[in-house]
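The listed protein sequences correspond, in order, to chains A and B.
Counting in this note's numbering, the first sequence runs from 775 upward without gaps.
Counting in this note's numbering, the second sequence runs from 154 upward without gaps.
Notes for the one structure printed next.
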Amino acid sequence: MTTGAPDYSRNVILYGWDGSVLRKIKVDATGQLFAKLRGVDGGGVDRDIRVDTTGQLYAMLRALYGVTQKDIQCDTNGNLTLNLKAQDLAEIINRPKYGAAHNATYDGTLTTTTETTLFTVTGKGIIYSGQVIVKDTNATHTQFDRAKLYIDDWYIGGAYFYQYALNNFTIPGTSSWWIRKYDIIANRVAICVLPGITFETNCSFHYTPYEVSTVTVSAGLIYALL
Amino acid sequence: MREIRGIQVDAPEGVERIIVITRDETGEDYQNHDITAIKPLNKKELTDYLRRKFGCKPEEIVFPKHIKIPE
Chain A
775 MTTGAPDYSR NVILYGWDGS VLRKIKVDAT GQLFAKLRGV DGGGVDRDIR
825 VDTTGQLYAM LRALYGVTQK DIQCDTNGNL TLNLKAQDLA EIINRPKYGA
875 AHNATYDGTL TTTTETTLFT VTGKGIIYSG QVIVKDTNAT HTQFDRAKLY
925 IDDWYIGGAY FYQYALNNFT IPGTSSWWIR KYDIIANRVA ICVLPGITFE
975 TNCSFHYTPY EVSTVTVSAG LIYALL
Chain B
154 MREIRGIQVD APEGVERIIV ITRDETGEDY QNHDITAIKP LNKKELTDYL
204 RRKFGCKPEE IVFPKHIKIP E
């Protein structure tokens, strides 16, 4: 019976086994059970698990890199910093980050049938849009000129203008190039490159006139680099 | 830290122009620099230009492997 308490009160003393001796489990002055938690470190030594000055449990997380333990860190705002190399999420939404858009251009005249590099971009990036506009009032066969696209030093595409017109490649996505204007009377041609093509090392536009003349070529490329 | 992102060689108005595109280590600050006057264009000359431009040390300029520039 508990002294000073109603006779229906029950008094129980709890004991814990410390490994060799039974010891009483205590409560504080308000009757709350309190405990000092301990953990065993990798070397088999008991160590206290601590709280901070506000009583909050804190922990320093560690992870194994091979056989070496490394601290898991946070930034100055307390955000956990992560560098994910693999993940098992069903899906992930992300946004590839490219830098600001750039514009490469060429304006000039070609007087030989040699293949000429109009412009070159070196880097990793993506094509947003591009076009080659040709005007040649002297030539009789501008339709057999070729604008060529090279990606990572590989020739991607660039048939005779005549073939694009003949096969009605006038819709974006039908080929690496699609023709926008084809006027063999005035010898004016405009051909556009497929947007969205990515490159890993470089991208360049080339032009090859079919016959010796004075071909006026204006070309442009809007792209972005990683 | 300053990273080379790309080099553009083109010819607006029919005149050759060379632009180097760089960014800082945070990826938040992008710059274009007309380096047409640098001849010959190689890693040493480009390093000297960027060192003067940004006041950074040569070892703080990053040349990615995929951008081939003569030594």
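All C-beta atoms, glycine included, are put in the ideal place defined by N, C-alpha and C.
These numbers come from a predicted model, not from an experiment.
Neighbour flag for residue i against chain D, beta carbons, 8 Å
i	result
H186 of chain B	In summary, chain D is missing from the structure at hand, where the protein chains are A and B.
Per-residue burial, residue i [other beta carbons within 10 Å of its own, 16 or more giving buried]
i	result
C848 of chain A	exposed
I799 of chain A	exposed
L995 of chain A	buried
D919 of chain A	buried
T1002 of chain A	Within the shown structure, residues of chain A are numbered from 775 to 1000, placing residue 1002 of chain A beyond reach of any answer.
T888 of chain A	exposed
I157 of chain B	buried
V967 of chain A	buried
K922 of chain A	buried
A837 of chain A	exposed
V908 of chain A	buried
A878 of chain A	buried
Q830 of chain A	exposed
Nearest-angstrom Cα separation, counted from residue j out to residue i
i	j	result
R204 of chain B	E198 of chain B	10 Å
Y902 of chain A	G873 of chain A	12 Å
A164 of chain B	T883 of chain A	11 Å
Y956 of chain A	T975 of chain A	32 Å
G852 of chain A	D845 of chain A	14 Å
D926 of chain A	G167 of chain B	25 Å
A960 of chain A	R176 of chain B	45 Å
I866 of chain A	V795 of chain A	56 Å
P211 of chain B	G899 of chain A	25 Å
A809 of chain A	D815 of chain A	19 Å
Q1003 of chain A	D802 of chain A	Lying before the first or after the last residue shown, residue 1003 of chain A is absent from chain A, which here runs from 775 to 1000.
F935 of chain A	Y997 of chain A	24 Å
L892 of chain A	T850 of chain A	49 Å
N912 of chain A	V963 of chain A	14 Å
D781 of chain A	I787 of chain A	17 Å
M834 of chain A	G793 of chain A	29 Å
K196 of chain B	I214 of chain B	10 Å
A939 of chain A	T948 of chain A	12 Å
Y880 of chain A	L854 of chain A	48 Å
T944 of chain A	Q161 of chain B	29 Å
N942 of chain A	Q917 of chain A	14 Å
Under 8 Å between C-beta atoms of residue i and residue j
i	j	result
R237 of chain B	F207 of chain B	In the structure as shown, chain B begins at 154 and stops at 224. Residue 237 of chain B is therefore absent and cannot be evaluated.
S950 of chain A	G931 of chain A	yes
G180 of chain B	L999 of chain A	no
T200 of chain B	I171 of chain B	no
I965 of chain A	Q905 of chain A	yes
S992 of chain A	T894 of chain A	no
D910 of chain A	V986 of chain A	no
G897 of chain A	I220 of chain B	yes
I823 of chain A	L807 of chain A	no
R784 of chain A	G790 of chain A	no
Y1051 of chain A	H915 of chain A	The structure shown does not extend to residue 1051 of chain A, since chain A is modelled only from 775 through 1000, so no value can be given for it.
I191 of chain B	Y202 of chain B	yes
I222 of chain B	H876 of chain A	no
Contact test: residue i Cβ vs the ligand FAD heavy atom, cutoff 7 Å
i	result
T948 of chain A	Because no ligand of any kind appears in the structure shown, any question about the ligand FAD cannot be addressed here.
- request: Name, going along the chain, the residues of the segment 155 to 166 of chain B whose beta-carbon falls closer than 9 Å to a beta-carbon of chain A.
  value: I157, R158, G159, I160, Q161, V162, D163, A164, P165, E166
message: As an exercise, report each continuous beta strand (DSSP E) stretch of at least 3 residues that is fully enclosed by the segment 783 to 807 of chain A, in chain order.
response: 789 to 791, 796 to 798
query: Of the residues that make up the segment 871 to 903 of chain A, which ones have a beta carbon closer than 9 Å to any beta carbon in chain B?
result: K871, G873, A874, H876, N877, A878, T879, Y880, D881, G882, T883, T891, L892, F893, T894, V895, T896, G897, K898, G899
- request: Entirely within the segment 872 to 921 of chain A and at least 3 residues each: give me those beta strand (DSSP E) ranges in chain order.
  value: 875 to 884, 890 to 897, 899 to 909
task: Identify each residue in the segment 193 to 207 of chain B for which the Cβ-Cβ distance to at least one residue of chain A is less than 7 Å, and report them in chain order.
output: Residues passing the 7 Å Cβ filter: none.
- request: Give, in chain order, every residue of the segment 959 to 985 of chain A whose Cβ lies closer than 7 Å to some Cβ of chain B.
  value: E974, T975
task: Any chance you could list the alpha helix (DSSP H) runs of at least 4 consecutive residues sitting entirely within the segment 914 to 963 of chain A, in chain order?
output: 935 to 940
message: Going residue by residue through the segment 155 to 218 of chain B, where are the continuous beta strand (DSSP E) segments of at least 3 residues, counting only ones entirely within it?
response: 155 to 163, 170 to 177, 183 to 187
task: Please name the residues in the segment 813 to 835 of chain A whose beta-carbon is closer than 8 Å to at least one beta-carbon of chain B, in chain order.
output: none
- request: Jot down the residue ranges of each uninterrupted alpha helix (DSSP H) in the segment 820 to 873 of chain A, minimum 4 residues, whole runs only, in chain order.
  value: none
- prompt: Any residues in the segment 907 to 929 of chain A with a beta carbon nearer than 7 Å to a beta carbon of chain B? Which ones, in chain order?
  reply: Answer in chain order: no residues at all.
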